[in-house]
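Start counting the sequence shown at 15; every next residue gets the next number (my numbering).
Just below is one structure, and these are the notes that go with it.
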Amino acid sequence: VTSLGITYGKVGNNLPPPEKVLGLLDSLKSTKVRIYDTNPQILTAFANSNVELIVTVENQMLAVLMDPQQAYQWVNTHIKPYFPSTNINGEHPHQLVVMSQYLQFLSSTKAPFWINAYPYFAYKDDPSGISLDYALFNPNAGMVDPYTKLRYDNMLYTQVDAAIFAIARMGYGNIEVKVSETGWPSKGDPNEVGATLENAAMYNRNLLRRQLGSEGTALRPNVYMFALFNGDLKPGPTSEK
Numbered sequence: 015v016t017s018l019g020i021t022y023g024k025v026g027n028n029l030p031p032p033e034k035v036l037g038l039l040d041s042l043k044s045t046k047v048r049i050y051d052t053n054p055q056i057l058t059a060f061a062n063s064n065v066e067l068i069v070t071v072e073n074q075m076l077a078v079l080m081d082p083q084q085a086y087q088w089v090n091t092h093i094k095p096y097f098p099s100t101n102i103n104g105e106h107p108h109q110l111v112v113m114s115q116y117l118q119f120l121s122s123t124k125a126p127f128w129i130n131a132y133p134y135f136a137y138k139d140d141p142s143g144i145s146l147d148y149a150l151f152n153p154n155a156g157m158v159d160p161y162t163k164l165r166y167d168n169m170l171y172t173q174v175d176a177a178i179f180a181i182a183r184m185g186y187g188n189i190e191v192k193v194s195e196t197g198w199p200s201k202g203d204p205n206e207v208g209a210t211l212e213n214a215a216m217y218n219r220n221l222l223r224r225q226l227g228s229e230g231t232a233l234r235p236n237v238y239m240f241a242l243f244n245g246d247l248k249p250g251p252t253s254e255k
């Protein structure tokens with residue numbers, strides 16, 4: 015595996031300033047971070063540090079940035095003032111409008127395809143049919159993919175390989191797949207089974223152990239753990255905050 019990173023969201027009312035976050039990341043020895051916008055405070059605070067940043071293009075900007083001139087202006091405004099002092103080494107669009115065109119672009123630029131992979135949500139939707147141990151990387155009987163005949167002992171790698179095979183079926187098997195988000199909720203709503211602090215700790219601990227041990231799927235993707243902070247102001251179910 016190349017690395018294990020962490021996501022840094024700002025949807026909360028009790029979050030420390032970026033300068034203190036940088037110190038926290040240093041104590042965690044985490045040098046790869048994904049943010050959900052191009053927040054100038056974060057980009058400025060992370061300058062001249064050893065942190066590699068992946069920034070996110072907001073959904074409302076996707077249609078605008080299909081125009082090359084607008085995309086050029088966006089980079090000049092949101093990226094160029096901070097680069098290379100701030101090590102920005104990737105971007106991640108929230109939603110893919112035209113998949114085939116996007117894959118063609120990634121293939122031509124030799125850029126990776128980033129996915130968010132969450133075994134928890136598959137488990138939550140079918141707790142009687144999916145083993146909790148299988149979702150948490152704990153010892154289990156595993157499963158064999160009926161098409162590839164490959165055996166998997168955890169759901170995350172199944173999800174990642176599903177994306178790899180789907181992209182390959184579209185003719186882009188040369189594109190590297192990396193995980194931009196994964197994790198397990200430490201708290202959930204009453205109907206969100208399995209969202210507990212104990213399960214979250216187990217998932218993160220087992221994932222970290224496997225990644226540091228160079229275990230993984232065939233492409234051994236980079237993984238960004240969700241998230242550095244809980245976002246108490248983030249809308250939606252408790253498990254997604």
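In this text, a Cβ means the ideal position worked out from N, Cα and C, and glycines have one as well.
Model, not experiment: these values are computed from the prediction.
For residue i, the first and last residue of its enclosing beta strand (DSSP E)
i, result
"V193", "V191 to T196"
"V47", "K46 to I49"
Residues near residue i in its chain [Cβ-Cβ closer than 7 Å; skip 5 each side]
i, result
"T45", "N64, V65 and E66"
"N154", "S145, D147, Y148 and D167"
Residue i, buried or exposed, once every other Cβ within 10 Å from all chains shown has been counted against 16
i, result
"G19", "buried"
"N168", "buried"
"D140", "exposed"
DSSP state of residue i mapped onto helix, strand, coil
i, result
"L164", "coil"
"G19", "strand"
"M216", "helix"
"K34", "helix"
"I129", "strand"
"G70", "The residue you asked about is not Gly; residue 70 is Thr in the sequence shown. DSSP places T70 in strand when its eight states are reduced to three."
"V207", "coil"
"V89", "helix"
Delimiting residues of the alpha helix (DSSP H) encompassing residue i
i, result
"F97", "First-last for F97: undefined, no H or E at that position."
"T123", "M113 to T123"
"I56", "P54 to A59"
"D147", "L146 to A149"
Contacts around residue i, its chain only, beta-carbon distance under 6 Å, and the 5 residues preceding and following it disregarded
i, result
"M216", "L150"
"Q84", "V78"
Other residues of its chain near residue i: CB distance less than 8 Å, five sequence neighbours each side excluded
i, result
"Q55", "P31 and P32"
"N152", "L146, M216 and N220"
Cβ separation of residue i and residue j, assumed to be a contact under 8 Å, to the nearest whole Å
i, j, result
"N62", "S99", "6 Å"
"V158", "V174", "In fact, because the Cβ distance is near 17 Å, the residues do not count as touching under 8 Å."
"N218", "G197", "7 Å"
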